[in-house]
Amino acid sequence: MKIHVEGLQITPVSQGILLIHQKRPPFYFSCCDGLLILPNKENNRNAIILDANIEPIHVRALVKQVESIKNYVCSHGHMDHIAHVHAWEELGTKIWAPHPENSCLTDLKHFYESFGFNDKLDFSVIRQFGKINGYEKCKKVNTFEPGDVLDFDGYKIETIPLKGHSKSHVGFFLPEEKILHVSCLGFDMKNPGKEGFGPWYGFKECSISQYLLDIDRCEKIFLQNARYLTSSHSYIVNHPDLTPFKYMRKKIGENHAKIEHALKNINPKINTGEELIGELLKQDIFFPKRKMKDFLLEIYTLWEEWMIKKHLEWRRDRQK
Ligand SMILES: [Zn+2]
Numbered sequence: 296m297k298i299h300v301e302g303l304q305i306t307p308v309s310q311g312i313l314l315i316h317q318k319r320p321p322f323y324f325s326c327c328d329g330l331l332i333l334p335n336k337e338n339n340r341n342a343i344i345l346d347a348n349i350e351p352i353h354v355r356a357l358v359k360q361v362e363s364i365k366n367y368v369c370s371h372g373h374m375d376h377i378a379h380v381h382a383w384e385e386l387g388t389k390i391w392a393p394h395p396e397n398s399c400l401t402d403l404k405h406f407y408e409s410f411g412f413n414d415k416l417d418f419s420v421i422r423q424f425g426k427i428n429g430y431e432k433c434k435k436v437n438t439f440e441p442g443d444v445l446d447f448d449g450y451k452i453e454t455i456p457l458k459g460h461s462k463s464h465v466g467f468f469l470p471e472e473k474i475l476h477v478s479c480l481g482f483d484m485k486n487p488g489k490e491g492f493g494p495w496y497g498f499k500e501c502s503i504s505q506y507l508l509d510i511d512r513c514e515k516i517f518l519q520n521a522r523y524l525t526s527s528h529s530y531i532v533n534h535p536d537l538t539p540f541k542y543m544r545k546k547i548g549e550n551h552a553k554i555e556h557a558l559k560n561i562n563p564k565i566n567t568g569e570e571l572i573g574e575l576l577k578q579d580i581f582f583p584k585r586k587m588k589d590f591l592l593e594i595y596t597l598w599e600e601w602m603i604k605k606h607l608e609w610r611r612d613r614q615k
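Each residue of the sequence shown is one higher than the last, beginning at 296 in this note's numbering.
Written out as structure tokens, the structure reads:
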């Protein structure tokens, strides 16, 4: 089956599995790549979509060419994975998402509360963030627990908890085709050699040490069981190319070096709590906040604050 949709890059991963990528997302956090699992005669009679959060216009064009997409599985509750899922639901696809972040799909207020935006920001900030990314809510979302094996008419999808990134965040393993989809773990090279931001841990609930364990776990699955690796923001990697894992560890290491460097520029008398964080935030270590304003400045400041705190936490843990 040859599928072509204007604005989408559709690449075969293996027989019957396609990587779906929207070429030009309207905003940085509005889309993510995912997999289309086409029906085959043996066990899956209906197509399944894994975490392809693309704009409604592309969803409609794709559904016209692939009949009977019965199930859609979301990997976690971050904006780039939830904004347009409603478009699939509107065309009759059943939506699945991991507990507890499933609630982010049905209510933007839950997205606001789930990731600690409500500690610092007014809801209006998140309303604007939702709007710029095209967020619309779903009506009904079915849930599963991270780690569950999903079974759609006999077609099995293993979910892998990867909690360093978010409480509910899961990767997927397709045992039949031996594809490991690491979702938003942080392999975000669009093309070989083209670096992105890398692993993302700008929320209270994130953890760098857990992140490193998640990377190890995926590397092991990839080496032992998989033929291909895909992710939410990257190209397809073939076994046994370890680029994704080396890249993700390197990015975390580089971020840490930036923090160590920034600490050297700070008066040693400032060594506690909020004052130290405030001084580090002034240095724009991860994001060019100086160039930002309004609600984006508020959001990026919150993310950077948590990224800094996660590195300071990790630093303390390693010194013990
Ligand atoms: Zn994410």
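Built from N, CA and C at the ideal position, the CB exists for glycine as well.
**Start-to-end residues for the alpha helix (DSSP H) that takes in GLU453** = Following the DSSP letters along the chain, one finds GLU453 in no alpha helix (DSSP H) but inside the beta strand (DSSP E) bounded by residues 450-456.
**Asked** Would the beta-carbon of HIS353 be found less than 8 Å away from any heavy atom of ligand 1?
**Response** Incorrect: HIS353 has no Cβ contact closer than 8 Å to ligand 1.
**Request:** Using DSSP bridges, identify the partner residues of PRO321.
**Result:** Its beta-bridge partners do not exist; DSSP assigns none.
**Asked** With C-beta atoms as the reference, is PHE439 less than 9 Å away from HIS394?
**Response** Yes.
**Message:** Assuming contact is defined by CB atoms lying nearer than 9 Å, are ASN465 and HIS371 in contact in what I supplied?
**Reply:** Residue identity check: residue 465 is Val in the sequence provided, not Asn. For VAL465 and HIS371, yes; Cβs fall inside 9 Å.
**Request:** Please name the residue or residues paired with SER527 in a DSSP beta bridge.
**Result:** DSSP output for SER527 lists no bridge partner at all.
**Prompt:** In terms of residues, what are the limits of the alpha helix (DSSP H) holding LYS271?
**Reply:** What the structure shows of the chain is the stretch from 296 to 615, and residue 271 is not part of that stretch, so it cannot be assessed.
**Asked** How far does the alpha helix (DSSP H) with VAL380 in it reach, from first residue to last?
**Response** 380-385 is the span of the alpha helix (DSSP H), which, as asked, contains VAL380.
**Request:** Out of SER504, ALA552, ASN366 and LYS432, point me to the one whose CA is closest to LYS404's CA.
**Result:** Closest by alpha carbon: LYS432.
**Prompt:** In this structure, does DSSP put GLN519 in helix, strand or coil?
**Reply:** Three-state result, GLN519: helix.
**Request:** Output the residues surrounding ligand 1, defined as those with a CB atom closer than 7 Å to any ligand heavy atom, in chain order.
**Result:** So the residues near ligand 1 by this Cβ test are HIS371, HIS373, ASP375, HIS376, HIS460, SER461, HIS464, CYS479 and TRP495.
**Asked** Can you round the beta-carbon distance between HIS379 and VAL354 to whole angstroms, since I take them to be within the 8 Å contact cut?
**Response** For HIS379 against VAL354, the beta-carbon gap comes to about 7 Å, under 8 Å, which counts as contact.
**Item:** Residue from GLY548, CYS513, HIS551 and LYS553 whose Cα sits closest to the Cα of PRO535
**Value:** Residue CYS513 is the option with its Cα nearest to PRO535.
**Request:** Report the rounded CA-to-CA distance for TYR530 versus ILE312, giving the unit in angstroms.
**Result:** Looking at the two C-alpha atoms, the distance is approximately 14 Å.
**Asked** So what does SER309 bridge to, in DSSP terms?
**Response** For SER309, DSSP records a beta bridge to ILE312.
**Request:** Starting from ALA342, follow its DSSP beta bridges and name the residues at the other end.
**Result:** DSSP lists ILE364 as partners of ALA342.
**Prompt:** For LEU416, which residues from the same chain have a beta carbon less than 6 Å from its beta carbon, with the 5 sequence-adjacent residues on both sides left out?
**Reply:** Cβ neighbours of LEU416 beyond the five flanking positions: GLU593.
**Where the beta strand (DSSP E) through TRP598 begins and ends** = For TRP598, there is no enclosing beta strand (DSSP E); the residue is part of the alpha helix (DSSP H) that begins and ends at 589-614.
**Request:** Kindly indicate which three-state DSSP category PRO494 falls into: helix, strand or coil?
**Result:** Here PRO494 sits in coil by DSSP.
**Message:** Using a 10 Å radius around the Cβ and a threshold of 16 neighbouring Cβ atoms, would you call TYR496 buried or exposed?
**Reply:** Flag for TYR496 reads buried.
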